[in-house]
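**Q** So that we are looking at the same thing, I have put the structure below in structure tokens.
Residue numbers (my numbering), protein chains in the order written: chain Z, 1 to 395; chain L, 396 to 790.
Shown next as structure tokens:
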């Protein structure tokens, strides 16, 4: 029985420049070691109330329904469709990357009729296409878009999409997994009805929570549902009775206490930095990285003018071995970056600069090391060009 | 914008003797502060493989499908019904407490026909009733029982239930949230097909993960499903492609890295203690607590002979204010215990002795303090009787 084998837990230090998780600050790390509390403890519920307020600040919303779902971003996506769609509802989904494709899978599981809005991976979904899709059915319930496509590095504009959704009576659902805390996002001003994110990217918290918010209009849908949502664990109406109770707090599930400590500390650090300063930091480092990569003669994959500062996709030069370069980055320098997802597998690398990982040091380290490795892999480059171009943007 | 208010994170120390979470060891606490890794990092995937092996050891199973679901025990319950039931399937559910009732809610959301097996809260579900229910329909797909009812303190016998399930061609689904790691549980030997637990009780890990296992027979059901499961996040077939891949590991979601570190460390501590020694420790302390409570003249709620050692329900003496006693325990002594759930609200207290919280010190502290408070609340007791009776059982 007790002959089970295992190793001692000794993770090596890594510089996380992939699509997430990103590195976390020592303060967030230590927050998890605070004394364990029960989920109904009066002190803990003050931390819950803080977290709700801080998430409203981060989402820039007054929405009552604002809280972290006790699971990762994929559960946030699931909850967003599962709660607001019922069998037969029509949903328009922008599919310009891997996560748009996942939305289609999830919406289909809800029994919804999915109108796909397919766009080449790496480009934005254009307003004309959105309007055509919204017009194509009598009644579209949801328009779903990925704000920051983690698979392509594209930042989707939302202003015109929001106007069109209102015009055609649809609610706007936005995936903000790779943007919240790193890019501008204003749920109320932009008229977003349903929005979810992940804790482990620009927020600077470990993975395990999915910040979520829903407008009054979305909330009304919950109250009018013909049937209960398929899952109890992700039932937003019931979750609200724990997180944002109108009267006494209702036990729904045992909240991941230590994760909430980490989220609280990460959100406090965002307030201390200032949301605008944080967005500018992500922009500065993202721009520097992209300038450096282009100066090295590499090709950025995402449409110009619509590039994320939090995640950059760069084409793998022909003749260069995708996996070998990533393994050398990891094994020789402790740097993680991401490979391509889905149809971009082997085509691009994904370089994240999110949260605590978004630093000038990381930009320069990565560009220097990438140059060295590409040269060793036989790819000819102008020595130092990447770092020189990047450092100009880091002032 | 930045005028959001919040407090500094400073949770007070607590002795957690409620229905969970329980206290965690310093080693588990510190495991969470290990360097963050990506979920596809080759080192991290060795920790994943370890966790799978250690969970098989803990569940006493060879099941291929054995891994932690990246959410709390309620998600484990949801996944257990959502994946194995489809619309129109028949499920027999033992309802002898709050969590049996939750199973009914969840199974109904799956569109299943639920045969309720109602039993007075505090008693086990008898084999005769199980057989009658299994006989009552042509084809029962699942028989679902709660091994350790956290609301009543009852330990459900499973041997005869398992034999009956096989006889009538049903799969056996077991909720082991408050038993795994604290009570004997042998998934393979006992013929359990689907079993889930929570990390935060007898396992000694923070809340946030739900250990899960499914037999070959259950796995076959997944392959024969007519439709996809309603949720992507809890789709066991897809989760298996990350946790126990047959070929290359598939990205499904970003695993809660720090939580998995904590689980790994908690499971290693279980191996070090020895599973049998750990079960005996829980039994010794549970028995001592129950002897003490009875010696104080209090009434145990759960049926004699079927009491959990991990969670004890005790009747609140008449005239004693439930909430005031619990608040004084918390505020004056830092001790959390649980109130009654559902129909037992105001009737019982729930005292957990689970994982790192299951110590002789905690038994004696709790009995001493409870005596003091009951006396101060005007309830007459034989001084010291509880502690004297308990300490006899602690040798």
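Even glycine gets a Cβ: it sits at the ideal position worked out from N, Cα and C.
In whole angstroms, give me the CA-to-CA distance for residue 406(L) and residue 35(Z).
**A** As a working mapping, residue 406(L) is identified with position 11 in the second chain. As a working mapping, residue 35(Z) is identified with position 35 in the first chain. Their backbone Cα atoms lie some 6 Å apart in a straight line.
**Q** Which first and last residues belong to the beta strand (DSSP E) in which residue 12(Z) is found?
**A** As a working mapping, residue 12(Z) is identified with position 12 in the first chain. It is not in any beta strand (DSSP E) - residue 12(Z) carries neither H nor E in the DSSP assignment.
**Q** For residue 265(Z) and chain L, any beta-carbon pair shorter than 8 Å?
**A** Within the first chain, numbered from 1, the residue matching residue 265(Z) stands at position 265. Yes, because at least one Cβ of chain L sits closer than 8 Å to the Cβ of residue 265(Z).
**Q** Going by the beta-carbon positions, is the gap between residue 781(L) and residue 714(L) smaller than 8 Å?
**A** Here residue 781(L) refers to the residue found at position 386 when the second chain is read from its first residue. Here residue 714(L) refers to the residue found at position 319 when the second chain is read from its first residue. No, they are not a contact pair.
**Q** Around the C-beta of residue 694(L), are 16 or more other C-beta atoms found within 10 angstroms, so that it is buried, or is it exposed?
**A** Taking the first residue of the second chain as 1, we reach residue 694(L) at position 299. Flag for residue 694(L) reads exposed.
**Q** Roughly how many angstroms separate the alpha carbons of residue 573(L) and residue 365(Z), rounded to a whole number?
**A** Sequence index remark: in the second chain, residue 573(L) carries index 178 (1-based). Sequence index remark: in the first chain, residue 365(Z) carries index 365 (1-based). The alpha-carbon atoms of residue 573(L) and residue 365(Z) are separated by roughly 48 Å.
**Q** Within 10 angstroms of the Cβ of residue 139(Z), are there 16 or more other Cβ atoms? Answer buried if so, exposed if not.
**A** Indexing the first chain from 1 puts residue 139(Z) at position 139. Residue 139(Z) comes out exposed.
**Q** Assign residue 229(Z) to one of three DSSP states: helix, strand, or coil.
**A** The sequence position of residue 229(Z) within the first chain is 229, counting from 1. If DSSP states are grouped into helix, strand and coil, residue 229(Z) belongs with coil.
**Q** Sorted by chain position, which residues of the same chain lie with C-beta nearer than 7 Å to residue 263(Z)'s C-beta, five sequence neighbours on each side aside?
**A** Translated into positions along the first chain, residue 263(Z) becomes position 263. The answer, listed in chain order, is 51, 68, 199, 205 and 209.
**Q** At a CB-CB cut-off below 8 Å, which residues of chain Z make contact with residue 477(L)?
**A** Within the second chain, residue 477(L) is the residue found at index 82, counting from 1. Per Cβ cutoff of 8 Å: 230 and 231.
**Q** Give a yes or no on whether the minimum CB-CB distance between residue 89(Z) and chain L is below 8 Å.
**A** Locating residue 89(Z) in the first chain gives position 89, where the first residue counts as 1. Residue 89(Z) does not count as touching chain L.
**Q** Any C-beta of chain Z within less than 8 Å: which residues of the segment 493-507 of chain L qualify?
**A** Cβ contacts with chain Z come from 497, 500, 501, 503, 504 and 505.
**Q** What does the Cβ neighbour count give for residue 414(L), buried or exposed, with the cut at 16 atoms within 10 Å?
**A** One-based indexing of the second chain puts residue 414(L) at position 19. Burial call: buried.
**Q** According to DSSP, which residues form a beta bridge with residue 298(Z)?
**A** In the first chain, residue 298(Z) corresponds to position 298, counting from 1. Bridge partners of residue 298(Z): none, in fact.
**Q** With a threshold of 8 Å between beta-carbons, can residue 466(L) be considered close to chain Z, or not?
**A** Counting from one through the second chain, the residue named residue 466(L) turns up at place 71. Yes, because at least one Cβ of chain Z sits closer than 8 Å to the Cβ of residue 466(L).
**Q** Taking C-alpha atoms, which residue in 3(Z), 77(Z) and 22(Z) lies nearest to residue 236(Z)?
**A** Stepping through the first chain from its first residue, residue 236(Z) is reached at position 236. Answer by Cα proximity: 77(Z).
**Q** Express the C-alpha separation of residue 351(Z) and residue 362(L) in angstroms, rounding to a whole number.
**A** The structure shown does not extend to residue 362(L), since chain L spans only 396 to 790, so no value can be given for it.
**Q** What runs of the beta strand (DSSP E), each 3 residues or longer, lie entirely inside the segment 441-507 of chain L?
**A** Here the runs fully enclosed are 460-464 and 485-490.
**Q** Please identify, using Cβ separations under 9 Å, the residues of the segment 228-262 of chain Z that lie next to chain L, in order along the chain.
**A** Answer in chain order: 228, 229, 230, 231, 232, 233, 234, 235, 251, 252, 253, 254, 255, 256, 257, 258, 259, 261 and 262.
**Q** Report the option in 230(Z), 57(Z) and 344(Z) whose CA atom is closest to the CA atom of residue 274(Z).
**A** What you label residue 274(Z) is simply residue 274 of the first chain in a count that begins at 1. Out of 230(Z), 57(Z) and 344(Z), 57(Z) has the C-alpha closest to the C-alpha of residue 274(Z).
**Q** Report all residues from its chain with a CB closer than 6 Å to the CB of residue 382(Z); omit the five preceding and five following residues, and keep chain order.
**A** One-based indexing of the first chain puts residue 382(Z) at position 382. If we look at residue 382(Z) and ignore the five residues flanking it on each side, it has no Cβ neighbours.
**Q** Cβ closer than 8 Å: which chain Z residues qualify as neighbours of residue 409(L)?
**A** Taking the second chain and counting its residues from 1, one reaches residue 409(L) at position 14. Ordered by position in chain Z, the residues that pass the 8 Å Cβ test against residue 409(L) are 35, 36, 37, 38 and 41.
**Q** If we count the other Cβ atoms within 10 Å of its Cβ and call it buried at 16 or more, is residue 1(Z) buried or exposed?
**A** Counting from one through the first chain, the residue named residue 1(Z) turns up at place 1. Low confidence applies to residue 1(Z): its pLDDT is 46, below 50, so where it sits in the model is not reliable, and the reading given next is rough at best. Classification of residue 1(Z): exposed, given that the 10 Å Cβ count is below 16.
**Q** Is there a Cβ from chain Z that is less than 8 Å from the Cβ of residue 396(L)?
**A** One-based indexing of the second chain puts residue 396(L) at position 1. Confidence at residue 396(L) is low in this model, with a pLDDT of 46, below 50, so its placement is unreliable and the value that follows should be read with caution. For residue 396(L), the answer is yes, since a Cβ of chain Z falls inside 8 Å of its Cβ.
**Q** Can you give, in chain order, each stretch of the beta strand (DSSP E) that sits fully within the segment 581-623 of chain L and has at least 3 residues?
**A** Listed in chain order, they are 589-591 and 605-609.
**Q** Sorted by chain position, which residues of the same chain lie with C-beta nearer than 6 Å to residue 195(Z)'s C-beta, five sequence neighbours on each side aside?
**A** Position 195 of the first chain, counted from the first residue, corresponds to residue 195(Z). Result list for residue 195(Z): 174, 176, 187 and 213, in chain order.
**Q** Helix, strand or coil: which one does DSSP assign to residue 351(Z)?
**A** What you label residue 351(Z) is simply residue 351 of the first chain in a count that begins at 1. Strand.
**Q** For residue 456(L), count the other beta carbons within 10 Å of its own beta carbon; 16 or more makes it buried, fewer makes it exposed. Which is it?
**A** Taking the second chain and counting its residues from 1, the one referred to as residue 456(L) is at position 61. Residue 456(L) comes out buried.
**Q** So that I know if they touch, is there some Cβ in chain Z lying closer than 8 Å to that of residue 685(L)?
**A** The count along the second chain starts at 1 and reaches residue 685(L) at position 290. False, the Cβ-Cβ gap to chain Z never drops below 8 Å.
**Q** Note down, in chain order, each residue of its chain lying with its Cβ closer than 6 Å to the Cβ of residue 341(Z), except the 5 sequence neighbours on either side.
**A** Indexing the first chain from 1 puts residue 341(Z) at position 341. Closer than 6 Å at the Cβ level, and outside the excluded window around residue 341(Z), lie 98 and 151.
**Q** Kindly indicate the opening and closing residues of the beta strand (DSSP E) around residue 175(Z).
**A** Position 175 of the first chain holds residue 175(Z). Element bounds for residue 175(Z): 171-175.
**Q** Looking only at its chain, what residues have a beta carbon closer than 7 Å to the beta carbon of residue 647(L), apart from the 5 residues adjacent to it on each side?
**A** One-based indexing of the second chain puts residue 647(L) at position 252. Contacts found: 633, 634, 636 and 637.
**Q** Considering residue 539(L), what are the terminal residues of the beta strand (DSSP E) in which it resides?
**A** The residue labelled residue 539(L) in the question sits at position 144 within the second chain. Unbroken beta strand (DSSP E) run through residue 539(L): 537-541.
**Q** Taking Cβ-Cβ distances below 8 Å as the criterion, which residues of the segment 126-154 of chain Z are in contact with chain L?
**A** Hits within the stretch: zero.
**Q** Residues of the segment 53-68 of chain Z in Cβ contact with chain L at a cutoff of 7 Å, in chain order, please.
**A** Correct list: 53, 54 and 57.
**Q** CA-CA distance, residue 368(Z) and residue 384(Z)?
**A** If you number the first chain from 1, residue 368(Z) lands on position 368. If you number the first chain from 1, residue 384(Z) lands on position 384. For residue 368(Z) and residue 384(Z), the distance between alpha carbons rounds to 7 Å.
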